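**Q** Protein chains in written order, with full-length UniProt numbering: chain A, 1 to 366; chain B, 1 to 366.
All residues carry an ideal CB built from backbone N, CA and C; glycine is no exception.
Quantities reported herein were computed from a predicted structural model and do not represent experimental measurements.
#1: Residue 169 of chain A lies in the beta strand (DSSP E); which residues open and close that run?
#2: Starting from residue 45 of chain B and walking both ways along the alpha helix (DSSP H), at which residues does that stretch end?
#3: How many angstroms separate the CA atom of residue 78 of chain B from the CA atom of residue 100 of chain B?
#4: Cα-Cα, which of B:263, B:84, B:296 is closest to residue 299 of chain A?
#5: Just mark residue 95 of chain B as buried or exposed, buried being the case when its beta carbon has 16 or more other beta carbons within 10 Å.
#6: Considering just the uninterrupted stretch of the alpha helix (DSSP H) at residue 126 of chain A, what are its terminal residues?
#7: Run through chain A and tell me which residues come within less than 7 Å of residue 207 of chain B, C-beta to C-beta.
#8: Does residue 359 of chain A pass the burial test, meaning 16 or more other C-beta atoms within 10 Å, or should it be called exposed?
#9: State the DSSP-derived secondary structure class of residue 212 of chain A, mapped to helix, strand or coil.
#10: Find out if the Cβ-Cβ distance for the pair residue 350 of chain B, residue 321 of chain B is shorter than 7 Å.
#11: When DSSP labels each residue in this structure, what does residue 327 of chain A get in the three-state scheme?
#12: What number of angstroms, rounded off, separates the C-alpha of residue 240 of chain B from the C-alpha of residue 150 of chain B?
#13: At the level of alpha carbons, what is the spacing between residue 206 of chain B and residue 174 of chain B?
#14: Check whether the Cβ atoms of residue 146 of chain A and residue 157 of chain A sit closer than 7 Å, and answer yes or no.
#15: For residue 124 of chain B, which residues in the same chain have their Cβ closer than 6 Å to its Cβ, ignoring the five residues on either side in sequence?
#16: Ignoring anything shorter than 4 residues or poking outside the segment 187-246 of chain B, list the alpha helix (DSSP H) runs there in chain order.
#17: Residue 69 of chain A to residue 135 of chain A, Cα distance in whole Å?
#18: Tell me which residue opens and which closes the beta strand (DSSP E) that residue 141 of chain B is part of.
#19: Report back the beta-carbon spacing between residue 276 of chain B and residue 236 of chain A to the nearest angstrom; my notes put them in contact at under 8 Å.
#20: Between the Cα of residue 57 of chain B and the Cα atoms of B:296, B:234, B:220, which residue gives the shortest distance?
#21: So, for residue 254 of chain B: in the same chain, excluding its five sequence neighbours on each side, which residues have a beta-carbon less than 8 Å away from its beta-carbon?
#22: Of the choices B:168, B:352, B:303, whose alpha-carbon is the least far from that of residue 337 of chain B?
#23: Here's a check: name, in chain order, each residue in its chain whose Cβ is nearer than 7 Å to the Cβ of residue 7 of chain B, leaving out the five neighbours to either side.
#24: Quick check on residue 71 of chain B: does DSSP put it in helix, strand or coil?
#25: Mind pulling the chain B residues with CB within less than 8 Å of residue 259 of chain A?
#26: When you check each C-beta in the segment 53-68 of chain B against every C-beta of chain A, which residues fall closer than 7 Å?
#27: Taking the Cβ atom as the reference point for each residue, do residue 390 of chain A and residue 24 of chain A lie within a distance shorter than 7 Å?
#28: For residue 81 of chain B, tell me which candidate among B:118, B:63, B:93, B:105 has the shortest Cα-Cα distance.
#29: To which residues does DSSP link residue 100 of chain B through a beta bridge?
#30: For residue 210 of chain A and residue 230 of chain B, which I take to be in contact (beta-carbon distance under 8 Å), what is that distance rounded to the nearest angstrom?
#31: So, residue 48 of chain A versus residue 133 of chain A, is the Cβ gap smaller than 7 Å?
#32: Tell me the rounded alpha-carbon separation between residue 111 of chain A and residue 352 of chain B.
#33: Given that a residue counts as buried once 16 or more other Cβ atoms are within 10 Å of its Cβ, and exposed if not, what is residue 281 of chain A?
#34: So is residue 248 of chain B in contact with chain A if we call contact Cβ pairs under 7 Å?
#35: Which of helix, strand or coil does DSSP assign to residue 367 of chain B?
#36: Any beta carbon of chain B sitting closer than 7 Å to that of residue 264 of chain A?
Following this line, the structure appears as C-alpha cells:
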C-alpha cells in the first residue's frame, strides 16, 4: 500500500488512537565503510579497500521508482533509512508509535561464501547500531544480526548482546537456509535462553518453487512461499517441540496464505505423522501459539475480508503491525488496516499482540 | 482424505446422485517393457535391455504404506493402476462416473537429460494408451503426454494426436520448468489450435521455496507452491493474453491458497504492471476465467468453510472433482465433498465445471 499525505488530526484514519508498535523498520548505514572501526583485521582492511562485493539484488530493477519511498532519502544524498531524524519525522513522531523495532537492511545470512566475514560484519553492524540508533530514542528497540550459516559464531553473538534491555529479537533472513535443519538448532537454544524472538524476514535471496522467475513481480508475488517452507521446516524438524518457549515473527511475507497452510499441514500430519514422531502436536497448534505475522504487506482487502480470515483462523492474536519503512510498499497505519475493524481488534493489531510477543510493558497513555 | 468402505446404496453419501467426471485417474503400464513395440531404435533397445534408469522418487518412502491404496494392486502383482477391470470395479462402476480423464503416472517432462528419448517415450506411451485403455470403455477420456523440454517435438505430438475425439488435454508435470517462459509457448499455441486443455499436475520433481526439505511430509505440504509459481509465471509472461482461448486445469495441487494468491497478485499488478505491459488484465481476471482446480486433495474442512472460501473467491466455477485413483490420498466422492454443500454447487463440482472445461456433452441420465 503506497503512502499518501497524512493529516495529523487523524493519525490512524479511524477511531483507533492508541499506541502503535512498528515491528519492521529498515534502518541502514549511510556508508558501509563506517563499519570499519568496529571490525578487526583482516575484515577492516577488506572494507576500507572496498574489496567487499556486498550481496546484490538479483533483479535489474525493483519497482519502477526503486525499492524505497521517494520521500525517504535524506537531503544529504545518503541512503533511505540511514537518517534517524527523517525516520523520526516520517514515522516515530507522525504516528503514535510507542515502540519501533529495527530489522535492518543488512542480512549477513545471505552471504553464501566466506562465512567468517559474515559473522564479523554482523558483530560490527550490531555495535554500530547500538551506538548510532539505540542511543537516540527510547522508543527504538532492535533485532540483532547474526550469520546463521555459522551457528557457533551466531551463538557467541547472542551471548554477547542478547541480554541488552533494548534487544528483543534475532533477525534471520528468509533465503535458501531451511532453519528447521538441526544444524541451526544451537541458535534457537540460545534465543530461548535469552528470551529473544526469532524474526524471520524475507530477503531478495528467497526464491519461489521455480526460482525467481523472469520478472520482479513474479519474484515478489511468490515471496510468501519462503515463509511457508520455513514454517514447514521448523515444525517438521521439531523446533517447536524442542524449544517450547521460543516465539517467532514472520515479517514482510504476508499472512492470508496461513489458513491454507494450516489446513493442509494438519491434514498431512494426521496421515503422515509416523514420519516425524518427535512432533507431538498438530502443526496448527504449534504455529498459532508461537508465531506472529507482521501485517505489512497485507493485501488490499476490506474489513469484512479481514474478519472472515480471522474467523477462518480462529484467533485475532496473530497479527503485529509493521510499516516496512522506508520501502516502496510502506504501510501507513491509517491506510493499511481497514477502518471498519472493531476497536478491540485494532488494539490487538497495532499494539497488544506485539507487546505480548516481545514482552514489553503495558503502554502508558501516549 | 483416506478412503473407507462405500455402501452402494448411497454412492455419493449425500443427496447428489447426478453424474460425475473424475478429472485425475493415474493409469499406468504393468511393465515399461511393454512400450518396446511402440518405439523405434535406438530407444527400443534401451528399453529391452533395461538400460532406462527411469526417474526415481527423491524420498526413501512416501506414506508409510506406500504411494497407492492398499487395495488397488491387481492379484497378478502388477502395479496399482495398471488394471482396467480393477479400476472399473473400484471407480467407474462404483460411483456414477460419466467420464474419467486419464492423467498417467508417466511424466516425460521430468526427464532432465536426453530429451529425444523423453519425446520418443511420450509418443510410445500415447500409442500404448490408445490401444490398451481408450478402446476399453467409452467413459474413458485421456490426456496425451509430451516432453515439454523439447517444445518442437511436443508440438509434433500434439499435431499427431490432438484431434482424436477422446483426447481432451495435454498433461504437463509441475516440476522445475516455468512454462510461462516463451521457450514453451509453441506448446500453448498448438494446444489452443486443437482446443485442448493444459493439465498441470504436480510431480515428485516439484520443489518448495527451500527445496524438498528433509521429510516427505515437508515436501508434500509445500507441493502447492509449484502451482502458485506456475500460475505466476504463466500470467506474467503473457500466456493468458497471447492465447485467449486456452484453458488450464491445476491438478492435485490444492486450491485453498487461491484467495491469497489472487489478492497478492492483483495488488502487485496494480503497483508493478509497468514491468509487464503485455498483461492487459488483472491476474485474478485471467485466472478465474481460464483456470480450474481439481478438488483432490481438498483439506478436511466442513461445508461452511468451503462456502466461505467460495464467497471469498466470488465464484463456484473453479472446482472440478477428482479421485486421484489409485493413490493413497484417494478422494471418494461421498467423503471428500462435504454433504452440507448446496445441490447446485455439488452439481458444479462433480460434473458441470469439468463438462464446460473439457467441452463435453450434457449428461444423459446416469
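**A** So, to answer that:
#1: As a position in the first chain, residue 169 of chain A is number 169, starting the count at 1. Here the beta strand (DSSP E) through residue 169 of chain A covers 167-174.
#2: Translated into the one-based positions of the second chain, residue 45 of chain B becomes position 45. Its alpha helix (DSSP H) spans residues 43-48.
#3: Position 78 of the second chain, counted from the start, is the residue given in the question as residue 78 of chain B. Position 100 of the second chain, counted from the start, is the residue given in the question as residue 100 of chain B. For residue 78 of chain B and residue 100 of chain B, the distance between alpha carbons rounds to 21 Å.
#4: Here residue 299 of chain A refers to the residue found at position 299 when the first chain is read from its first residue. With distances taken between CA atoms, residue 299 of chain A lies nearest to B:263 out of B:263, B:84, B:296.
#5: Looking up residue 95 of chain B in the second chain gives position 95. The residue is buried, with at least 16 neighbouring Cβ atoms inside 10 Å.
#6: For this step, residue 126 of chain A is matched to residue 126 along the first chain. Here the alpha helix (DSSP H) through residue 126 of chain A covers 115-129.
#7: Numbered from 1 along the second chain, position 207 holds the residue referred to as residue 207 of chain B. The contacting residues are 209.
#8: Sequence index remark: in the first chain, residue 359 of chain A carries index 359 (1-based). The residue in question, residue 359 of chain A, is exposed, as its Cβ has fewer than 16 Cβ neighbours within 10 Å.
#9: Residue numbering aside, residue 212 of chain A sits at position 212 when the first chain is read from its first letter. DSSP places residue 212 of chain A in strand when its eight states are reduced to three.
#10: As a working note, residue 350 of chain B is residue 350 in the second chain. As a working note, residue 321 of chain B is residue 321 in the second chain. Yes, Cβ-Cβ distance for residue 350 of chain B and residue 321 of chain B is below 7 Å.
#11: Translated into positions along the first chain, residue 327 of chain A becomes position 327. Strand at residue 327 of chain A.
#12: Residue numbering aside, residue 240 of chain B sits at position 240 when the second chain is read from its first letter. Residue numbering aside, residue 150 of chain B sits at position 150 when the second chain is read from its first letter. Roughly 21 Å between the two C-alpha positions.
#13: The sequence position of residue 206 of chain B within the second chain is 206, counting from 1. The sequence position of residue 174 of chain B within the second chain is 174, counting from 1. Approximately 6 Å, taken between the alpha carbons.
#14: By 1-based counting over the first chain, the position of residue 146 of chain A is 146. By 1-based counting over the first chain, the position of residue 157 of chain A is 157. The Cβ-Cβ distance between residue 146 of chain A and residue 157 of chain A falls below 7 Å.
#15: On the second chain, residue 124 of chain B is found 124 positions in, with the first residue counted as 1. Only 35, 38, 39 meet the Cβ criterion.
#16: Within the segment 187-246 of chain B, the complete alpha helix (DSSP H) runs of at least 4 residues are 216-221, 224-236, 239-242.
#17: For the purposes of this step, residue 69 of chain A is taken as residue 69 along the first chain, with counting starting at 1. For the purposes of this step, residue 135 of chain A is taken as residue 135 along the first chain, with counting starting at 1. Their backbone Cα atoms lie some 25 Å apart in a straight line.
#18: Taking the second chain and counting its residues from 1, the one referred to as residue 141 of chain B is at position 141. Looking at the DSSP string, the run of the beta strand (DSSP E) that includes residue 141 of chain B is 140-145.
#19: Mapped onto the second chain, residue 276 of chain B falls at position 276. Mapped onto the first chain, residue 236 of chain A falls at position 236. Wrong, their Cβ atoms sit about 36 Å apart, outside the cutoff.
#20: Here residue 57 of chain B is taken as the residue at index 57 of the second chain, counted from 1. Of B:296, B:234, B:220, the residue nearest in Cα terms is B:220.
#21: Here residue 254 of chain B refers to the residue found at position 254 of the second chain. Closer than 8 Å at the Cβ level, and outside the excluded window around residue 254 of chain B, lie 223, 224, 227, 293, 297, 298, 299.
#22: For this step, residue 337 of chain B is matched to residue 337 along the second chain. Considering only alpha carbons, the answer is B:303.
#23: Along the second chain, one-based indexing puts residue 7 of chain B at 7. Because residue 7 of chain B sits at a pLDDT of 32, beneath the cut-off of 50, its placement in the model cannot be relied upon, and the following sentence gives the value as read from the coordinates. Same-chain partners within the cutoff: there are none.
#24: By one-based count along the second chain, residue 71 of chain B stands at place 71. If DSSP states are grouped into helix, strand and coil, residue 71 of chain B belongs with the helices.
#25: Within the first chain, numbered from 1, the residue matching residue 259 of chain A stands at position 259. Correct list: 256.
#26: Answer in chain order: 63, 64.
#27: Because residue 390 of chain A is not part of the residues shown, which for chain A are 1 to 366, the question remains open.
#28: The count along the second chain starts at 1 and reaches residue 81 of chain B at position 81. Per the Cα distances, B:105.
#29: Counting from 1 along the second chain, the entry for residue 100 of chain B is found at position 100. BP columns for residue 100 of chain B point to B:22, B:140.
#30: If you number the first chain from 1, residue 210 of chain A lands on position 210. If you number the second chain from 1, residue 230 of chain B lands on position 230. Confirmed, Cβ separation roughly 7 Å.
#31: Walking along the first chain from the start, residue 48 of chain A turns up at place 48. Walking along the first chain from the start, residue 133 of chain A turns up at place 133. Not in contact: residue 48 of chain A and residue 133 of chain A (Cβ atoms no closer than 7 Å).
#32: Taking the first residue of the first chain as 1, we reach residue 111 of chain A at position 111. Taking the first residue of the second chain as 1, we reach residue 352 of chain B at position 352. Straight-line spacing of the CA atoms in residue 111 of chain A and residue 352 of chain B works out to 52 Å.
#33: As a working note, residue 281 of chain A is residue 281 in the first chain. Label assigned to residue 281 of chain A: exposed.
#34: Start at 1 with the first residue of the second chain, and residue 248 of chain B comes out as number 248. Output row for residue 248 of chain B: interface = no.
#35: Examination of residue 367 of chain B is not possible in this model, given that chain B is present from 1 through 366 alone.
#36: By 1-based counting over the first chain, the position of residue 264 of chain A is 264. So yes, residue 264 of chain A belongs to the interface.
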